Amino acid sequence: MSEYKFIGKPINRIDEKDKVTGAAKYVDDINFGPNLLYAEIVESPYAHAKIVSIDTSEAEKVPGVVKVVTGKDFPYKFGLYMKDRYIFAQDRVRFVGEQVAAVIARDPKAAKKAAKLVKVEYEPLPAVFDPFEAVKEGAPILHPELGSYPHVPWYYPHGGTNIAHWRKVRKGDVEKGFAEADFILEDTYRVPRYAHCCMETHIAVGFVDYNGRLTIWASSQSPHTQRHLIAEALRPLGFTEQNIREIVPYVGGGFGGKAGVTMEIIAAALATAVKGHPVKVRWRRDQEFYNTYMRQQVVSKLKVGVKKDGRITAFELTNYWDAGPYVEYGANVVNASALSATGPYNIPNVKIDALCVYTNLPAAGPYRGFGYSEMMFSVESHMTRIAKALGMSPREFRKINGIKKGDPLAYGAPMNENGLIECIDKVADAIKLEEKEESKDPKKAIGKGIAAIWKAPAMPPNVTTSAFLKFSEDGSVNILLSGMEIGQGMYTVMAQIAAEILSIPPEKIRVELPDTDRNPYHWQTVASHSTWLLGNAVKRAALEAREKIFDVVHRAFYYEKDHLYLEDEKVKCTTDPDFELPLKDFVINGIMMEDGTYRGEAIVASGSIMVEFASALQDPETSQGGHPNVHYTVGAGGVVLEVDKETGRVHILKLAEAIDVGKALNPEILKQQLIGGAVQGIATALYEDMRFDENGKLLNPNFTDYKIPTALDIPDEFIPIFVEVPQHDGPFGARGMAEHVMIPIAPAIANAVEDAVGVRVKAMPITAEKIALALLHGKKEVDDFFMVPVKKKEV
Amino acid sequence: MERVPITGQGSYRRIKMEKKTITFTLNGEKRTIEVEPNDILLEVLRTKLGITAPKYGCGRGDCGTCTVLLDGKSVRSCLILAIEVDGHEITTLEGLSKDKLTPLQESFIEHSSFQCGFCAPGMIMSATELLQKNPHPTEEEVKEAISGNLCRCTGYVSIIEAILDASKKY
């Protein structure tokens, strides 16, 4: 089939009417009835302290309070990749805001009042906030028992230190590579922490019925994984996957923040303490900032050697990741980024060390672009600087080194088919990279910059997913799956895939939100892998349904199944042009034969798939061997921006981005996702900025002081470009791109700012303040970094 | 009378906590309800009146997800006490499409404007107010009008386009 009916078409989102009418229900919109209880969390005021005692007696006296619980009630650990966290702090707290106890009450006001009356006595311990300090001899150790924590086999924790995971990648001989180089650039870059800022804060409601069954309603990207991790943690209380159900209605944004288990486990645990009552835990906006998993801070020491002709000969990188006190998910961010830290380049000699370091800042983890948004800032800033030093165009330099199909990755496996060079060219052409532009305003300067990117889904090697598909009497279809519609348009695209195979318009297909009792397994809606993997599962389900439809028609009319096909919601036959049978006539009720008997069956189908070619078995000293990544999606981004030389203020005039999506299943949704992700990237590059005081307390956990973009802050022009080099095992050739669109923006802006005013900012965000001060003092480089507290007080 | 601690101050003051009955027009219907003097309008709408389109996003007027119309003007329902709307008129997203969708809602659907959709109920109320006051706004006026409604997904472009398109139908 060469011409598609629904694939590649700008079909309207199938969930849009729900959202525009207010019909869309999110967790907090569900009515849990008059028995609903509310929880308020008692939080640690210390970044690092021993819990000496907790007195709940005063809190329990407040009218309306049903129960007060502490860590002693739930001495259970949980974690996706490493079990290093308890549901509530046990004997020590490790960041400001950590949950220590909870009050469950009949109304939120009583809960809040009582929470203030819980008396916790602490014995403060020395805290550490900087990953450099944390790896030094004599630093306070956050997890003395690290060596005994259960973890996945591809984590390498260093017991007795704060190094939760150390991923090493070694390819070729870097010393030889640097010896061969004509030019070497070495520098340090810093990327701070950032917050997802989903408009819906985390929320979960737990309910244990009198039969002992636990139901959780959560704003989640990962209902099945959460159910599993909660079952693991609560196993001592008798829970298994069988008697836990997780229901996820619409979710108000995820961006990775709702991927692992965050606060959902608190609602689950609390529910076990008050059987028969649903318990709601809704994060306030400030809690959303400091007690979910924000993005990790990373300090990159990068050294790259090149020949005069532009070929990179050696690449050496050490990344120090400040992961906060719990890395159960965050260490995998570190792991994934280390494996791909070279960026999309074919480099013969590579040495990468990525250290995931415990600190006493809040816990950090996955955020859109998972590892790549963080580290590509340093790599892509460096690439442009080297190109300029060699007198080459940043475009040409990237094209010379750009990775091609079959080239060996840093860990030895071959690179997949990709359109990297095309992406680089299209972006550079779109912004006329090599043409200098002058601002009409003499106080302003215009600059241009590009960055190339790649990203692979970071997943365990045995990731699996599945879908059910069923018909109704009107010939409409319901698809049941557990991938989450977090705004990315997944349900529309899944409907398009089934629509194409079944020849049913997408508007006649509903895709149902997850309920682990009814919808089949999906690992997590993360890593931009769902279009690819879940798309294949939905395709398999649709093909199975089609097979069953043909089988029924064959049994009733005796046409060869090979001669049957679907068109316009009808079954047709290549050998009998007069035959056409509408699906709605028989998909439930069957086909009546001459003797009054029927042939048929209610058409239901399923499709499932596991990645069967990936492997995380790699040499821990080199990362050689194995096949940890299924494939990479590549792309490039470029900006034209104007810098006010007096104020340092940056305005983006034009933003172009090209991503090789394999096949653009829905170009309109892709375009909108690209624009949204690009704006998110702009904000991290220019002004989002997290500040902590010297005791590790987050100072700006709100939108007044942590600015995210408004409608007034967007670029004048967007140029979205989709390159289509088909993914051989993708549904209709597609691969994911949801996270990728954010990744090139920060380095492209850094490169463009230098192009405009000659100031190289090596520490994000590239604020107006930094640029203006550099221009004022005639500085060419800025590595000021405000986030880590400069002054340390005794606590 | 009850003694209520003031956050973090350790001091106490007396607050009258007697319930008060208020009557106001909600989406065209007269509603009478008992509230406490410190009940927030957003929470009263959501938990006592079954109106869930306005959402909690920040609780301090920064994000706009709780936007409703108070006597036709957009306000943050998280910053308003329920007792303040006694005798007034409140319109939420639910009140816009009782019979059929407004041209603005149709335009949002046509443009697939929203992604996660959480900001939509507030955004639509702000845009509704704009088009009522200024049926043919410029792009800059649209941006200004919705600049108090944060959206993390879309980058706003599809929202701005939908509002400008809808304005052609007024």
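Those sequence lines, one after another, are chains A and B.
Quick note on numbering: the first sequence equals residues 1 to 795 in our numbering.
Quick note on numbering: the second sequence equals residues 1001 to 1170 in our numbering.
C-beta atoms are modelled at their ideal positions from N, C-alpha and C, and glycine is treated no differently.
These numbers were taken from a predicted model, which means no experiment stands behind them.
>> Is the beta carbon of residue 607 (chain A) closer than 9 angstroms to that of residue 666 (chain A)?
In response: Here residue 666 (chain A) is not near residue 607 (chain A), since their CB atoms are 9 angstroms or more apart.
> Helix or strand or just coil, what does DSSP make of residue 503 (chain A)?
Replying inline: coil
> Between residue 605 (chain A) and residue 629 (chain A), is the Cβ-Cβ spacing less than 9 angstroms?
Replying inline: no
> Do residue 1036 (chain B) and residue 1055 (chain B) come within 9 angstroms of each other at the CB atom, strictly closer than that value?
Replying inline: Taking a C-beta distance under 9 angstroms as the contact criterion, residue 1055 (chain B) and residue 1036 (chain B) do not qualify as a contact pair.
> Which residue's Cα is closest to the Cα of residue 800 (chain A): A:298, A:257, A:563 and A:485?
Replying inline: The structure shown does not extend to residue 800 (chain A), since chain A is modelled only from 1 to 795, so the question has no answer here.
> Hey, how far is the Cα of residue 1032 (chain B) from the Cα of residue 1083 (chain B)?
Replying inline: 11 angstroms
> Does the beta-carbon distance from residue 733 (chain A) to residue 525 (chain A) come in below 9 angstroms?
Replying inline: no
>> In whole angstroms, give me the CA-to-CA distance for residue 570 (chain A) and residue 507 (chain A).
In response: 16 angstroms
>> Going by DSSP in three states, residue 468 (chain A) sits in which element: helix, strand or coil?
In response: Residue 468 (chain A) falls in the strand class under three-state DSSP.
> Going along the chain, which residues of its own chain have a beta-carbon closer than 6 angstroms to the beta-carbon of residue 1006 (chain B), five neighbours each way excluded?
Replying inline: At residue 1006 (chain B), the pLDDT of 45 sits below 50, so the modelled position is not reliable; the number obtained from the coordinates is stated separately. Closer than 6 angstroms at the Cβ level, and outside the excluded window around residue 1006 (chain B), lies no residue.
> Can you tell which of B:1105, B:1017, B:1093 and B:1126 has its C-alpha closest to the C-alpha of residue 1028 (chain B)?
Replying inline: B:1093
> Given that residue 1143 (chain B) touches chain A, what residues does it touch there, using C-beta distances under 7 angstroms?
Replying inline: Within 7 angstroms Cβ-Cβ: 711 and 712.
> Who pairs with residue 206 (chain A) in a beta bridge, going by DSSP?
Replying inline: A:216 and A:279
>> For a contact defined as C-beta to C-beta under 9 angstroms, what are the partners of residue 657 (chain A) on chain C?
In response: The structure shown contains no chain C; the protein chains it does contain are A and B.
>> Relative to the C-alpha of residue 143 (chain A), which candidate in A:100, A:111 and A:86 has its C-alpha closest?
In response: A:86
> If you pair each beta-carbon of the stretch 674-689 of chain A with each one of the stretch 743-754 of chain A, do three or more pairs fall below 8 angstroms?
Replying inline: Judged by Cβ distances under 8 angstroms, the stretch 674-689 of chain A makes contact with the stretch 743-754 of chain A, as three or more pairs qualify.
> Going along the chain, which residues of its own chain have a beta-carbon closer than 6 angstroms to the beta-carbon of residue 795 (chain A), five neighbours each way excluded?
Replying inline: Because the pLDDT at residue 795 (chain A) is just 39, under 50, the model does not fix this residue reliably, and the value given afterwards should be weighed accordingly. Excluding positions up to five away in sequence, the list reads 124 and 695.
> Expressed to the nearest angstrom, what Euclidean distance is found between the alpha-carbon atoms of residue 1157 (chain B) and residue 671 (chain A)?
Replying inline: 10 angstroms
>> Check this for me: beta carbons of residue 679 (chain A) and residue 714 (chain A), under 9 angstroms apart or not?
In response: yes
>> Is there a C-beta anywhere in chain B that falls below 9 angstroms from the one on residue 676 (chain A)?
In response: yes
> Does any CB atom of chain A fall closer than 9 angstroms to the CB of residue 1132 (chain B)?
Replying inline: no
>> Measuring straight from C-alpha to C-alpha, what distance separates residue 93 (chain A) and residue 100 (chain A)?
In response: 8 angstroms
> Does any CB atom of chain B fall closer than 9 angstroms to the CB of residue 643 (chain A)?
Replying inline: Chain B contact via Cβ: absent.
> Which bits of chain A does residue 1053 (chain B) rub up against, with CB to CB less than 7 angstroms?
Replying inline: 22
>> I'd like the ranges of any beta strand (DSSP E) spanning at least 3 consecutive residues and lying wholly in the stretch 33-102 of chain A.
In response: Note on the stretch 33-102 of chain A: whole beta strand (DSSP E) runs with a minimum of 3 residues are 37-43, 49-55 and 65-70, in chain order.
> Over what stretch of residues does the beta strand (DSSP E) that includes residue 1136 (chain B) continue unbroken?
Replying inline: It is not in any beta strand (DSSP E) - residue 1136 (chain B) carries neither H nor E in the DSSP assignment.
> Per DSSP, residue 644 (chain A) forms a beta bridge with which residues?
Replying inline: A:444
>> Can you look up residue 592 (chain A) in the DSSP assignment and give me helix, strand or coil?
In response: Note: residue 592 (chain A) maps to strand in three-state DSSP.
> Which same chain residues, not among the five before or five after residue 796 (chain A), have their C-beta less than 6 angstroms away from its C-beta?
Replying inline: The structure shown does not extend to residue 796 (chain A), since chain A is modelled only from 1 to 795, so the question has no answer here.
> Expressed to the nearest angstrom, what Euclidean distance is found between the alpha-carbon atoms of residue 110 (chain A) and residue 1144 (chain B)?
Replying inline: 40 angstroms
>> I want to see whether chain A comes within less than 9 angstroms of residue 1043 (chain B), judged by CB atoms only; does it?
In response: yes
> Hey, out of A:153, A:411, A:374 and A:404, whose CA is closest to residue 349 (chain A)'s CA?
Replying inline: A:411
> Should residue 311 (chain A) be flagged as near chain B, meaning a C-beta pair shorter than 9 angstroms?
Replying inline: no
> For residue 1012 (chain B), which of helix, strand or coil comes out of DSSP?
Replying inline: At residue 1012 (chain B) the pLDDT is 48, less than 50, meaning the model places this residue with poor confidence; the figure from the coordinates comes in the next sentence. Assigned with DSSP and collapsed to three states, residue 1012 (chain B) falls in strand.
>> Short of 9 angstroms Cβ to Cβ, which residues in the stretch 1136-1163 of chain B face chain A?
In response: 1140, 1142, 1143, 1144, 1145, 1146, 1147, 1148, 1149, 1150, 1151, 1152, 1153, 1154, 1155, 1156, 1157, 1158, 1159 and 1160
>> So if I threshold CB-CB distances at 7 angstroms, which residues from the stretch 190-204 of chain A count as touching chain B?
In response: 197, 198, 199 and 200
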